[in-house]
Each structure stands twice: as C-alpha cells, then as structure tokens.
Amino acid sequence: MRQLNKEVYEVTKDSLIYDSRHPIDAVNVTVEVTDAGTFLRGQVLDFADGKYSVHKSGGTVSVIVAENTAYTAGDTTVAVPVYTSGSFRLSACVTEGELTETDIETFRSKGIYLK
61 MRQLNKEVYE VTKDSLIYDS RHPIDAVNVT VEVTDAGTFL RGQVLDFADG
111 KYSVHKSGGT VSVIVAENTA YTAGDTTVAV PVYTSGSFRL SACVTEGELT
161 ETDIETFRSK GIYLK
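Now the structure itself:
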C-alpha cells in the first residue's frame with residue numbers, strides 16, 4: 061500500500077518578494093564585468109547609456125537581481141536574471157548605500173514596488 065501522507069516538498073518564506081499584488085516579471089540582462097564576483101539576489105542594478113551596472117549613489121535604478129549569479133575573472137559579460145516588476149521588501153534589497161526617495165519613485169514608475 062502506498063503512503064499518501066508523506067511530505068513531498070517544503071515551502072520556505074521568500075525574504076525578497078513581498079506579495080503577489082503586482083505582477084512579477086523577470087528577464088535576463090547582460091552586465092559587463094571585470095573581476096570575479098557574484099551578483100546577489102536582491103541587488104539593485106542601474107541602467108545608463110545602454111548598460112546595466114551595480115547601483116551607485118546618483119545612478120538610475122532599473123531592476124532587481126532575481127538569483128545569485130556568479131562570474132569568473134575571465135568573463136567580460138554575464139547574463140543576470142532580474143525582476144522588472146513586482147512587490148519587494150525594501151529591507152531585502154542589496155545596495156552600497158541606502159535607496160533614496162527618488163530611487164523608490166523611479167522603481168515605482170517602472171512597476172517595481174518596494175514595501
């Protein structure tokens with residue numbers, strides 16, 4: 061007789077995604093890199109002059125990294141999965157400094173809501 065009440069999978073709470081009130085959409089973007097490293101889930105990327113880069117103070121926020129993405133010193137570009145819309149926890153966003161109100165409003169205009 062088969063056991064019907066065994067555990068099949070485990071649900072874990074996601075610390076980045078806040079809720080599903082706004083549609084979550086994701087794409088892959090190409091980022092130029094120079095040294096080995098990792099883009100972290102929740103890291104904010106800027107977009108300027110046709111290129112994506114790690115968010116810096118004064119930059120124009122654009123997307124949020126969806127999954128940890130490692131790259132080597134030999135890589136010149138890396139495909140990074142990113143969220144382009146949805147509701148996310150501000151406290152889970154990874155940046156070098158704090159996001160400003162302007163950054164938050166820029167995200168909102170793109171369909172990314174930080175709560």
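Heads up: the sequence shown begins at 61 in the numbering used here, then just goes up one per residue. Glycine included, C-beta positions come from ideal geometry on N, C-alpha and C.
In the three-state scheme derived from DSSP, where H, G and I count as helix and E and B as strand, L76 is classed as coil.
Taking the CA atoms as reference points, N128 sits about 18 Å from I84.
Cβ contact annotation for T132 (same chain, cutoff 7 Å, sequence separation greater than five): A96, in chain order. With contacts defined by Cβ atoms closer than 8 Å, S145 and I164 do not form a contacting pair. Inclusion of R101 and S147 in the CB contact set at 8 Å is not warranted, their separation being larger than that value. Cβ contact annotation for L150 (same chain, cutoff 6 Å, sequence separation greater than five): L174, in chain order.
Counting along the chain, no beta strand (DSSP E) covers I84, and no H or E run does either.
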